[in-house]
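Colleague: Following numbering that gives the first Met the number 0, the numbering of the sequence shown begins with 0 at its first residue and continues without gaps. Supplied in structure tokens, the structure appears directly below.
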Amino acid sequence: MKISSLSRRALLKSAGAAAAIAPLPLRAQDHLPASDPGPSTSTIGDRDRRMQWWHEARFGMFVHFGLYSVLGRHEWAMEEEGIPVAEYQLLARQFNPAPHAARAWAKLAKTAGMKYMVMTTKHHEGFCLFDTKLTDYCAPKQAAGRDLVAEYVEAARSEGMRFGFYYSLMDWHHPDGARCRNDEAARRRFVDYIHGQVRELCSNYGKVDVLWYDVNWPLSPEGWESVNMNKMVRQLQPDILINNRSGIPEDFTTPEQEIRAASTPWEACMTMNDSWGYQRADDNWKSPKTIVRNLLSCTRDQGNYLLNIGPRPDGSIPDPSIEILTSVGKWMDSYSDLIHRADRCQVGRSEFADFTRRGNTLFIHAYFWPGDTLAIGGLEQKVLSAKMFATGEPVQFIQEPFRVRFIGLQTTAPDPIARVLAVECDGEPTQNQMAIRIGRKREGV
Ligand code: GLC
């Protein structure tokens with residue numbers, strides 16, 4: 000069986016750690032919801048109202064920024080390279096991003112057609128980008144000399160972006176961050192610290208749209224007192240959306256580096272290369288087409304797509320990220336409406352196109368343009384009309400029992416990402432591939 004480098008790292012990590020202490024978290028798995036979803040402070044009726052903007056937004060920007068950006072070797076460098084706390088924390092004396100670097104992030108997010116942002120306020124390294132009374136290990140009291148979360152909030156607001164705070168529960172710097180797992184006094188101190196910081200984040204920046212917890216090692220939800228913590232959050236921020244990584248389900252799930260549809264609200268978070276934090280040597284970039292295809296897959300199944308940038312230590316965005324998001328934005332200039340206002344779409348089988356739907360209209364996003372004829376199989380409804388979405392130019396079609404062929408199309412695709420056909424049907428478009436197999440047998444076709 001092929002093991003990806005990510006899971007191999009995770010396996011090694013847990014194998015190596017097993018003898019000495021409780022298993023370390025597996026990167027992607029440690030925040031999987033338990034099979035019994037357990038308690039939650041999110042009530043379903045209210046959730047629909049609170050989440051309406053989020054469903055429509057569909058596409059957001061994740062920002063991983065911290066001391067690890069100075070190293071430029073991935074945000075897990077502290078642990079993976081075994082860097083001692085005393086050595087690592089010296090980075091706080093160097094980390095001093097250019098003033099208002101976040102404005103360029105928010106502008107780029109807007110250009111790309113994104114509607115919200117989520118920024119790391121404290122990653123596993125424990126360094127806080129916000130002003131906190133609970134530690135000196137924070138941007139305002141170190142080289143930066145100012146509250147970088149406040150700058151981010153100002154930037155997001157001025158571009159009309161909703162915004163959220165990522166906050167890692169796991170903390171490699173706090174003296175009780177690991178000790179808390181088997182020392183009750185340490186647990187008490189650490190949980191008070193964490194709740195105190197969450198309170199600060201929910202009190203000092205006006206309305207916050209999303210609270211995005213990460214890695215809840217080493218405590219259980221009871222140990223973190225997650226229910227109480229999130230009740231406090233909702234008291235301070237009644238409309239906030241909370242993800243599932245404090246160990247209780249709350250408002251939405253967070254499949255990581257994969258698109259996994261669910262019947263409850265979900266958001267796939269993904270890197271544009273293979274690193275969340277700035278990794279200067281990582282050149283494994285996804286193409287704009289891949290990003291759009293992922294966004295379409297999320298849209299088809301009513302999920303969100305949170306796509307990451309990892310700024311350099313001065314806050315500037317790596318050039319490939321700018322180029323990719325600018326291209327995605329060009330595509331979104333014509334098609335963003337299909338992303339932000341979409342219904343769940345059952346049609347899904349094609350090797351050259353993704354599908355979205357609004358009402359009885361099916362949108363065929365052909366990312367590998369097939370030429371002058373484009374065919375899909377198994378559509379169960381009658382096609383009433385078809386046109387090119389961007390230009391409104393009508394498209395001729397021939398409908399047969401198991402196939403619709405759209406004909407007389409341009410042979411080459413002017414849009415390098417995906418051209419879109421809008422196909423109006425006489426009911427909600429659905430596809431039945433099995434009917435093709437069975438029907439073909441019956442009719443000997
Ligand atoms: C993982 C990683 C972390 C990253 C996060 C984003 O939990 O530990 O580095 O911030 O995923 O989802």
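In this text, a Cβ means the ideal position worked out from N, Cα and C, and glycines have one as well.
Considering only C-alpha positions, which residue in the set I338, P310, R311 is nearest to N293?
Modeller: Along the sequence shown, one-based indexing puts residue 293 at 294. The candidate whose alpha carbon is nearest that of N293 is I338.
Colleague: So is the beta-carbon of T252 under 8 angstroms away from any non-hydrogen atom of the ligand MN?
Modeller: Ligands in the displayed structure: the ligand GLC; the ligand MN is not one of them.
Colleague: Within the present structure, is the beta-carbon of H172 separated from the nearest heavy atom of the ligand GLC by less than 8 angstroms?
Modeller: As a working note, residue 172 is residue 173 in the sequence shown. No, the ligand GLC has no heavy atom inside 8 angstroms of this Cβ.
Colleague: Please work out which residues of its chain come closer than 7 angstroms, Cβ to Cβ, to A21, disregarding the five sequence neighbours upstream and downstream, and give them in chain order.
Modeller: On the sequence shown, residue 21 is found 22 positions in, with the first residue counted as 1. Residue placement at A21 cannot be trusted, given a pLDDT of 33 that sits under 50; what the coordinates show is reported in the next sentence. Excluding sequence neighbours, A21 sits near R180, P217.
Colleague: Thinking C-alpha only, which one of D281, L383, I258 is nearest V403?
Modeller: The residue given as residue 403 occupies position 404 in the sequence shown. Nearest of D281, L383, I258 to V403, Cα basis: L383.
Colleague: Where H123 and W171 are concerned, what is the direct C-alpha to C-alpha distance, given to the nearest angstrom?
Modeller: By one-based count along the sequence shown, residue 123 stands at place 124. By one-based count along the sequence shown, residue 171 stands at place 172. The alpha-carbon atoms of H123 and W171 are separated by roughly 6 angstroms.
Colleague: Sort out for me which residues DSSP pairs C424 with in a bridge.
Modeller: As a working note, residue 424 is residue 425 in the sequence shown. C424 is bridged to V382.
Colleague: Since I believe V419 is in contact with I363 (beta carbons under 8 angstroms), could you give me their beta-carbon distance rounded to a whole number of angstroms?
Modeller: Sequence index remark: in the sequence shown, residue 363 carries index 364 (1-based). Sequence index remark: in the sequence shown, residue 419 carries index 420 (1-based). At roughly 7 angstroms, the Cβ-Cβ gap stays under 8 angstroms, so I363 and V419 are in contact.
Colleague: Using the C-alpha atoms, what's the distance from T298 back to P400?
Modeller: Here residue 400 corresponds to residue number 401 of the sequence shown, with the count starting at 1. Here residue 298 corresponds to residue number 299 of the sequence shown, with the count starting at 1. The straight-line gap from Cα to Cα measures roughly 28 angstroms.
Colleague: If you follow the alpha helix (DSSP H) that S167 is in, where does it begin and where does it stop?
Modeller: Locating residue 167 in the sequence shown gives position 168, counting from the first residue. No alpha helix (DSSP H) holds S167; the beta strand (DSSP E) holding it covers 161–167.
Colleague: In angstroms with no decimal places, state the Cα-to-Cα distance between R357 and V190.
Modeller: Numbered from 1 along the sequence shown, position 358 holds the residue referred to as residue 357. Numbered from 1 along the sequence shown, position 191 holds the residue referred to as residue 190. If you take the alpha carbons of R357 and V190, they lie about 46 angstroms apart.
Colleague: Name the two residues that bound the continuous alpha helix (DSSP H) containing Q196.
Modeller: Residue numbering aside, residue 196 sits at position 197 when the sequence shown is read from its first letter. Counting along the chain, the alpha helix (DSSP H) containing Q196 begins and ends at 183–202.
Colleague: Looking at the strands, I want to know which residues DSSP matches up with C127.
Modeller: Indexing the sequence shown from 1 puts residue 127 at position 128. Bridge partners of C127: K121, C137.
Colleague: Since A142 and F64 are thought to touch, with beta carbons under 8 angstroms apart, how far apart are those beta carbons, to the nearest angstrom?
Modeller: In the sequence shown, the residue the question calls residue 142 occupies position 143. In the sequence shown, the residue the question calls residue 64 occupies position 65. Actually they do not touch by this definition, with Cβ atoms about 14 angstroms apart.
Colleague: By how many angstroms is the C-alpha of G176 removed from the C-alpha of M169?
Modeller: Translated into the one-based positions of the sequence shown, residue 169 becomes position 170. Translated into the one-based positions of the sequence shown, residue 176 becomes position 177. Approximately 7 angstroms, taken between the alpha carbons.
Colleague: Looking at V291 and A154, is the spacing between their C-beta atoms short of 9 angstroms?
Modeller: Translated into the one-based positions of the sequence shown, residue 154 becomes position 155. Translated into the one-based positions of the sequence shown, residue 291 becomes position 292. The answer is no: Cβ separation not under 9 angstroms.
Colleague: Does DSSP classify P319 as helix, strand or coil?
Modeller: As a first step, residue 319 is located in the sequence shown; it is residue number 320 there, counting from the start. In this structure, P319 counts as helix in the three-state DSSP scheme.
Colleague: Could you check whether Y304 and F58 sit closer than 9 angstroms to each other, using their CB atoms as the reference points?
Modeller: Walking along the sequence shown from the start, residue 58 turns up at place 59. Walking along the sequence shown from the start, residue 304 turns up at place 305. It is a contact, given that the beta carbons lie within the stated cut-off.
Colleague: Look at the alpha carbon of Q380 and the alpha carbon of A421, and state the distance between them as a whole number of angstroms.
Modeller: Taking the first residue of the sequence shown as 1, we reach residue 380 at position 381. Taking the first residue of the sequence shown as 1, we reach residue 421 at position 422. Each residue's alpha carbon lies about 14 angstroms from the other.
Colleague: Return the bridge partner residues of F401 from the DSSP annotation.
Modeller: Translated into positions along the sequence shown, residue 401 becomes position 402. Answer is none; F401 lacks a bridge partner.
Colleague: State the DSSP-derived secondary structure class of D213, mapped to helix, strand or coil.
Modeller: Position 214 of the sequence shown, counted from the first residue, corresponds to residue 213. Three-state result, D213: strand.
Colleague: Take S333 and list the residues in its own chain whose beta-carbon comes closer than 7 angstroms to its own, dropping the five residues that flank it on each side.
Modeller: Looking up residue 333 in the sequence shown gives position 334. Excluding positions up to five away in sequence, the list reads A389.
Colleague: Taking the alpha helix (DSSP H) that L306 falls in, what are its first and last residues?
Modeller: By one-based count along the sequence shown, residue 306 stands at place 307. Counting along the chain, L306 falls outside any alpha helix (DSSP H), though it belongs to the beta strand (DSSP E) covering 303–308.
Colleague: Within 10 angstroms of the Cβ of E249, are there 16 or more other Cβ atoms? Answer buried if so, exposed if not.
Modeller: Taking the sequence shown and counting its residues from 1, one reaches residue 249 at position 250. It counts as buried.
Colleague: On the premise that S274 lies in contact with D282, defined as a C-beta separation below 8 angstroms, what is that separation, rounded to the nearest angstrom?
Modeller: As a position in the sequence shown, residue 282 is number 283, starting the count at 1. As a position in the sequence shown, residue 274 is number 275, starting the count at 1. The pair is not a contact, with the Cβ atoms about 11 angstroms apart (cut-off 8 angstroms).
Colleague: Decide yes or no for the touch test of the stretch 47–62 against the stretch 114–123: beta carbon pairs closer than 8 angstroms, at least 3 of them.
Modeller: Yes, the stretch 47–62 touches the stretch 114–123.
Colleague: Around the C-beta of K230, are 16 or more other C-beta atoms found within 10 angstroms, so that it is buried, or is it exposed?
Modeller: For the purposes of this step, residue 230 is identified with residue 231 of the sequence shown, where counting begins at 1. Under this definition K230 is an exposed residue.
Colleague: Sort out for me which residues DSSP pairs D353 with in a bridge.
Modeller: By 1-based counting over the sequence shown, the position of residue 353 is 354. Paired residue(s): H364.
Colleague: Can you give the Cα-Cα distance for A352 and H73, rounded to whole angstroms?
Modeller: Start at 1 with the first residue of the sequence shown, and residue 352 comes out as number 353. Start at 1 with the first residue of the sequence shown, and residue 73 comes out as number 74. Straight-line Cα distance between these residues: approximately 34 angstroms.
Colleague: Quick one: what does DSSP say Y67 is sitting in, helix, strand or coil?
Modeller: Residue 67 sits at position 68 when you count from the first residue of the sequence shown. The answer is helix: DSSP assigns Y67 an H, G or I state.
Colleague: Would you kindly work out how many angstroms separate the C-alpha atoms of Y204 and K132, rounded to a whole number?
Modeller: Position 205 of the sequence shown, counted from the first residue, corresponds to residue 204. Position 133 of the sequence shown, counted from the first residue, corresponds to residue 132. Going from the Cα of Y204 to the Cα of K132 covers about 15 angstroms.
Colleague: Just to confirm the assignment, what range does the alpha helix (DSSP H) spanning L295 have?
Modeller: As a working mapping, residue 295 is identified with position 296 in the sequence shown. 287–299 is the extent of the alpha helix (DSSP H) around L295.
Colleague: Around the C-beta of Q395, are 16 or more other C-beta atoms found within 10 angstroms, so that it is buried, or is it exposed?
Modeller: Within the sequence shown, the letter at position 396 stands for residue 395. Per the 10 Å Cβ criterion, exposed.
Colleague: Please report the distance separating the alpha-carbon of A101 from that of P310.
Modeller: For the purposes of this step, residue 101 is identified with residue 102 of the sequence shown, where counting begins at 1. For the purposes of this step, residue 310 is identified with residue 311 of the sequence shown, where counting begins at 1. So the alpha carbons of these two residues sit roughly 9 angstroms apart.
Colleague: Helix, strand or coil for R72, going by three-state DSSP, please let me know.
Modeller: Counted from its first residue, the sequence shown places residue 72 at position 73. R72 falls in the strand class under three-state DSSP.
Colleague: Would you decide whether R436 is buried or exposed? Buried here means 16 or more other CB atoms lie within 10 Å of its CB.
Modeller: Working through the sequence shown from its first residue, we reach residue 436 at position 437. It counts as exposed.
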